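Here's the structure, in structure tokens; my notes come after.
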Amino acid sequence: MTNKRECREPSPAPPRKPRRRNNHALHEKIAEIEFLLQRYVADPRAGEGQGSTLSAELEGIPSDEPASGSLDKRRSCPDQGKLVNNWDGNVEFCDSKTMAAVFEDLQTIGALIDVEFEQSGWLPAIIPPDSNRPSYFPGVPLPVQISACLPSPDGMTVLWDAFLERVDPVTKIIHVPTVRRRMAEAMSSFSCLSFSTQALLFAIFLVASGSLSRREHWAKLGRLKVDAIGDFERGLKLVLIGMNYLKNLNLEVLRSLTLYSLFQQTPFGSQDPWILNGVVVNIAYRLGLHVDPSHAKLSPFDCEMRRRLWWQIASMENKASGEVGAGAHLLPKGGDTRIPANVNDENLDPALTAEPQEHDGPTEMSFCIMRYEATSITLAQPPGLSIDDILWKQNLSSTDKASRPHDEASAKIQSLLDVERKRLDPLERRLCPHPDTDSLHFMVRKGRQVLSRIVDLLTRPMEDAPEWGKEVHNPEDNYFRITLAVNEEMLVVKEAAGQRFAL
1 MTNKRECREP SPAPPRKPRR RNNHALHEKI AEIEFLLQRY VADPRAGEGQ
51 GSTLSAELEG IPSDEPASGS LDKRRSCPDQ GKLVNNWDGN VEFCDSKTMA
101 AVFEDLQTIG ALIDVEFEQS GWLPAIIPPD SNRPSYFPGV PLPVQISACL
151 PSPDGMTVLW DAFLERVDPV TKIIHVPTVR RRMAEAMSSF SCLSFSTQAL
201 LFAIFLVASG SLSRREHWAK LGRLKVDAIG DFERGLKLVL IGMNYLKNLN
251 LEVLRSLTLY SLFQQTPFGS QDPWILNGVV VNIAYRLGLH VDPSHAKLSP
301 FDCEMRRRLW WQIASMENKA SGEVGAGAHL LPKGGDTRIP ANVNDENLDP
351 ALTAEPQEHD GPTEMSFCIM RYEATSITLA QPPGLSIDDI LWKQNLSSTD
401 KASRPHDEAS AKIQSLLDVE RKRLDPLERR LCPHPDTDSL HFMVRKGRQV
451 LSRIVDLLTR PMEDAPEWGK EVHNPEDNYF RITLAVNEEM LVVKEAAGQR
501 FAL
């Protein structure tokens, strides 16, 4: 007490608003790029000197042209790939300049998004889904945690029917009659099943849930889709942890991981499908699926199921690696596993002592066989075939079209398409003859038409494109044009697939 006055702490000051970051450098960089682009668009053919100067300004490299000898030497050496920055600021490897160009643009896009968020502070906060929820609680018995993730018996029936309708026709990695019996056992006593079977059933629940719309989820299961997916994914992880799946390898676990990797390709996937599929490929390699099982003393049933699983994994790896621009490096080169037989599940019995008799017409396997044959053609091509040679090595200064660097790669891709047509045209007529009435046959037809369209876009010289001189002035513009067209074509395939997984 001083002068009969009580000493009190002053009330805390109101929280200060966060200071806005100084983005002058970013704005100056964007303005500089816009200025250079405007100069280039105004006169794209302003001569070699101006073009090389502009390229040097944009790329930050000297404008001196290399000697012809060094240029030839550079073309003869294979591209070693490059490290690029991703959305998270981490570094990734790409052996494709096409994908590297996409990743490089992400830095500018990310910076622009940051500026937009800073200048729009009034926008409501976006709360991401809780991805940090623990998969395992040490204080709770594992069977109790697993049972808490299970759907009801009626829900199991709904998910099993959805799997048979929307997932199994485009994967065919399970034997439906066998798994149907296990599903019936699961409805009465799930805990009595082995960990391997539990993992497979959770994977089936997960991919089936991913194929249902939000409205279907609520109407048929009485649950939100995100909640159901969270439970099934957690249940799958719990079972895999409980059995130490990376040490206790078997085909059931591999099927579970394959379906889980397939699910990661949906918008609800929480993992990188290419990374997860790398684990799947290595497990398959360890189990010897890349070697045809006829070399071992296995039953005809086991041989066919191993072939089905291997080619599904190979197709997924081929697709996923192409999407990230890394190439299908993981697939073993010495594999000789045959394409699965064209038989229905009902003709494939575990008690078979001889190979099943193949059908000559359409079966449940028709769609998958067409896709596996296409994958086989792609994997059989020698290394060195690169889309980069087409997109980024067009020499506009050359008057002789036959001497352009991209022509050799264009001829290779066109030859690959000719091989595909020669091999798959008769197969499609035999296995998928009803595109007007069968949705799977329609998917095959549309998929091959889209492939032909994409090859035509890639192999056509950019100066022959209708947009040349208007919207297309260089390989970067041409790549953007092709990307838009490819996305439009892929939407056609997705619409043809409907609710099925369009692989």
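Per UniProt numbering, the very first residue in the sequence shown carries number 1; after that it's consecutive.
Don't be surprised by glycine CBs; every beta carbon is placed ideally from N, CA and C.
Computed from a predicted model, the values in this text were never measured in an experiment.
- Met365 and Leu348 have their C-alpha atoms some 12 Å from each other.
- The beta carbon of Val281 lies closer than 7 Å to those of Ile313, Glu317, Leu330 and Leu331 in the same chain, with the five residues before and after it left out.
- Relative to the Cα of Arg255, the nearest Cα in the group Ser299, Arg234 and Trp310 belongs to Trp310.
- Sequence-distant partners of Gly242 (beyond 5 residues in either direction) whose C-beta falls short of 7 Å from its own C-beta, in its chain, are Leu142 and Phe195.
- Rounded to whole angstroms, the Cβ separation of Leu201 and Arg181 is 12 Å, and the two are not in contact under 8 Å.
- Under the DSSP assignment, Gln198 falls in the alpha helix (DSSP H) whose first and last residues are Phe195 to Ser211.
- Distance between Val472 and Met462, taken at the CA atoms: about 8 Å.
- Cβ neighbours of His441 within its own chain (closer than 6 Å, five residues either side excluded): Cys432, His434 and Pro435.
- Scanning the region 288 to 340 for uninterrupted alpha helix (DSSP H) segments of 4 residues or longer gives 300 to 324, listed from N- to C-terminal end.
- Looking from the CA of Gly288, the closest CA among Leu257, Leu249 and Asp231 belongs to Leu249.
- Counting along the chain, Ile454 sits inside the alpha helix (DSSP H) bounded by residues Ser439 to Thr459.
- If you draw a 10 Å sphere on the C-beta of Pro273, you find 16 or more other C-beta atoms in it, and that means buried.
- DSSP places Val419 in the helix class (H, G or I) of the three-state scheme.
- Excluding the 5 residues flanking it on each side, Lys225 has same chain C-beta neighbours closer than 6 Å at Arg214 and His217, in chain order.
- Burial check for Phe480: the Cβ neighbour count within 10 Å stays below 16, so the residue is exposed.
- By the neighbour-count criterion, in which 16 or more other beta carbons inside 10 Å mark a residue as buried, Gln198 falls on the buried side.
- By the C-beta criterion, the region 412 to 426 is judged to be in contact with the region 440 to 454, since at least 3 inter-stretch pairs fall below 8 Å.
- For Tyr245 and Arg306, the gap between their C-alpha atoms comes out near 19 Å.
- DSSP, read as helix, strand or coil, puts Val176 in helix.
- Taken through DSSP and simplified to helix, strand or coil, Val492 comes out as helix.
- Distances from the CA of Asn474 to each of Leu391, Val239 and Ala497 were compared; the closest alpha carbon is that of Leu391.
- Comparing alpha-carbon positions, the option among His175, Val179, Gly222 and Ala203 lying closest to Ser152 turns out to be Gly222.
- Here DSSP, grouped into helix, strand and coil, assigns Val253 to helix.
- Between the region 182 to 193 and the region 363 to 383, the count of Cβ pairs shorter than 8 Å is below three; the stretches do not touch.
- If you look at Glu233, you'll find it in the alpha helix (DSSP H) that goes Lys225 to Met243.
- Bounds of the alpha helix (DSSP H) holding Lys220 are Arg214 to Leu221.
- Relative to the Cα of Val492, the nearest Cα in the group Thr483, Met443, Lys412 and Arg430 belongs to Met443.
- The beta carbon of Tyr372 sits closer than 6 Å to the beta carbons of Trp311 and Ile339 from its chain, once the five residues preceding and following it are set aside; these are given in chain order.
- The secondary-structure analysis by DSSP pairs Trp468 across a beta bridge with Val472.
- At a Cβ-Cβ threshold of 9 Å, Met370 and Leu457 do not count as neighbours.
- Taking a C-beta distance under 9 Å as the contact criterion, Gly361 and Arg430 qualify as a contact pair.
- Residue environment for Pro169: buried (at least 16 other C-beta atoms within 10 angstroms of its C-beta).
- Assignment of Val140 by DSSP, reduced to helix, strand and coil, places it in the coil class.
- Look at Val343 here: in three-state DSSP terms it is coil, with no helix or strand label.
- By the Cβ-count criterion, His290 is buried, with 16 or more other Cβ atoms from all chains shown falling within 10 Å of its own Cβ.
- For Cys368, same chain residues with a beta-carbon under 6 Å away, outside a window of 5 residues either side, are Lys172 in chain order.
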